[in-house]
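Colleague: Handing you this structure, nothing more for now.
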Amino acid sequence: MAINGISSYSNYQYQNTLNLLRMSSMRNSSLSAVSAVNKVGKTTSSSDPYQDVTSFLNKYQSALTSLESSAAKLSGFSKSNAFNDYQVASTDEAVASVKAGYKLNGDTDIRLQVDALAQSQQNKSDFRVGQETAKEGEDMEFEIQTSGGSVAVSISALNDNGTAKTYNQMYREAAQAINAQGTDVRAQVVNDGGKVSLSIASRKTGEANGFKVTGSTGAAAGIENAAVAAQDAMYTVTENGYSQSYRSDSNEIDLDIGRIHATLKSTGETNIYTGIDTDKVISAVEDLVKDYNSVTNLLSENTSRGTGAARQYASFGRGLADEKTLKQLGISHDKEGNLVLDKEKLEEALVKDYEGTKELISGQFGIAEKAASRADAALSSPVQRIASNDLSSISSQTKNGGNYYDSFRYLGNFARSGAYNIGNYYTVGMLLNTLG
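The sequence shown begins at -19 in the numbering used here and counts up one residue at a time.
Next comes the structure, spelled out in structure tokens:
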């Protein structure tokens, strides 16, 4: 990249070049009272030649930088290449949903057979009329034994004043007592049309997280029996022709050495695979075409500004590829000469010949690399060449020994000598402007 090009020093020199133009404009405007100014030439359309050339250079840089960014999304040498942005999918989301873990492989193809889902244990008492009062001797005195410890439940059938409690009241007191101990189980009162039941469930799925109820259940008769048994998930993974069965105490499992995270939802079979998101690729190509057209049109409208602008327009005007190649990608030219993308044809090409289409887009000699190369060359072109006619016109207006063009030329000479010299150049320049 040319040292005195627009993109040198990460736009450092470009911005300072414009700043130098601004200082020169201010310096020369102070002389306007005593110096005649020649009429602006045809290459500048603004009453202020500085503003005109600055506006063009800003648009020039913006359009080319945008094109570089679009090309990077498709370049085979870029980490942000859309062809490397793999996605994971499940053919039957009702059986298992999937999401990416860490970096995906591009050719994963797994068959997942789910034989059983992991379940938490759930016990329920018999249903009773909620507002009916408990009978004498229906006190609850039982214990819940879990893998993490035990929970003692002691609920009297009588209130402190000796009146009988309702079943709804007893169940609520029992649920509060169980939940307050913060163990591996949780309790709630289930209400079904005025009838209530005490429900206890383990907080986690899996056989190891089951529990046992012992003692006198009283008003909560039936709570000692499991309505739903604790169960592990059981599934089989087939990959590259090899099958392996697994058990898990959770329905959240990892596949492909942790690259894929799956949530088991029901028994059945699904295929899990990874690949590119064709919508992202098509969108990236659409952006590339749009930005390439923007640069070409900008250069077409400004060829008279300088030999550099005309040369870059000739380069971009040659197109991204020959018509046959573009046609394979669903790209054509409209009557104005702009590139037009047929997204359906590009999608069809990706399906029919993925590798070939990928090579035409992001390969070493693909359209993305060609666009990136031309954008880089255009950004590296010296400012005084891009807008040589503009600068000559400005130069002809400036008298008293200095002009805009000289500023660019001197700047280029110092820039080619290294970063320290260019720093000295600006320092000396500011000093001279202060003295002036």
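Glycine included, C-beta positions come from ideal geometry on N, C-alpha and C. Note that the structure is a prediction, hence the values are computed from the model and not measured.
(1) Could you give the residue range of the beta strand (DSSP E) that holds N251?
(2) List the whole-angstrom C-beta distance separating A367 from A301, where the pair is believed to meet the contact cut-off of C-beta under 8 Å.
(3) Kindly indicate which three-state DSSP category D65 falls into: helix, strand or coil?
(4) Would you call the CB atoms of A210 and S100 closer than 9 Å?
(5) Can the beta-carbon of T254 be found closer than 9 Å to that of Q67?
(6) State buried or exposed for D87, treating a residue as buried only when at least 16 other CB atoms are found within 10 Å of its CB.
(7) Here's the rule I'm using: 16 or more other beta-carbon atoms within 10 Å means buried, otherwise exposed. How should Q292 be labelled?
(8) Taking DSSP's pairing of strands, which residues face I135 in a bridge?
(9) Based on Cα-Cα distance, which residue from E187, A351, F345 and N369 lies nearest to S46?
(10) Just how far apart, CA to CA, sit R152 and V169?
(11) Secondary structure at F296, three-state DSSP: helix, strand or coil?
(12) Given this structure, state the Cα-to-Cα distance separating G238 from E232, to the nearest angstrom.
(13) Would you check if the distance between the CB atom of G198 and the CB atom of I135 is smaller than 9 Å?
(14) Rounded to a whole number of angstroms, what is the C-alpha to C-alpha distance between A294 and D257?
(15) Might you give, ordered along the chain, the residues of its own chain that have their beta carbon closer than 7 Å to the beta carbon of N189, omitting 5 neighbours on each side?
(16) Quick check on the DSSP output: the alpha helix (DSSP H) that includes R183 runs from which residue to which?
(17) Flag this pair as yes or no: are the beta carbons of V208 and F122 separated by less than 9 Å?
(18) For Q364, count neighbouring Cβ atoms within 10 angstroms of its own Cβ and tell me buried if that reaches 16, exposed if not.
(19) Using a 10 Å radius around the Cβ and a threshold of 16 neighbouring Cβ atoms, would you call V331 buried or exposed?
(20) Measure how close the beta-carbons of V109 and Y215 come, nearest whole angstrom, since I'm counting them as under 8 Å.
(21) Hey, A213 and L178 are a contact pair by Cβ (cut 8 Å); roughly how many whole angstroms apart?
(22) Return the chain-ordered list of same chain residues with a C-beta closer than 7 Å to the C-beta of N282, the five sequence neighbours on each side being excluded.
Modeller: Once the coordinates are examined:
(1) G248 to I256
(2) With a Cβ gap of about 30 Å, A367 and A301 do not count as contacting.
(3) Judged by DSSP in its simplified three-state form, D65 adopts coil rather than helix or strand.
(4) Result yes, Cβ atoms of A210 and S100 sit closer than 9 Å.
(5) yes
(6) exposed
(7) The residue in question, Q292, is buried, as its Cβ has 16 or more Cβ neighbours within 10 Å.
(8) M120
(9) A351
(10) 6 Å
(11) helix
(12) 12 Å
(13) yes
(14) For the pair A294 and D257, the Cα-to-Cα distance works out to about 35 Å.
(15) S100, S127, D164, S182, A210 and D229
(16) Per DSSP, R183 belongs to no alpha helix (DSSP H) and is neither H nor E.
(17) no
(18) buried
(19) So V331 counts as exposed.
(20) With 8 Å as the limit, V109 and Y215 do not qualify as a contact, their Cβ atoms being about 43 Å apart.
(21) Not really, about 28 Å apart at Cβ, beyond 8 Å.
(22) F36 and A289
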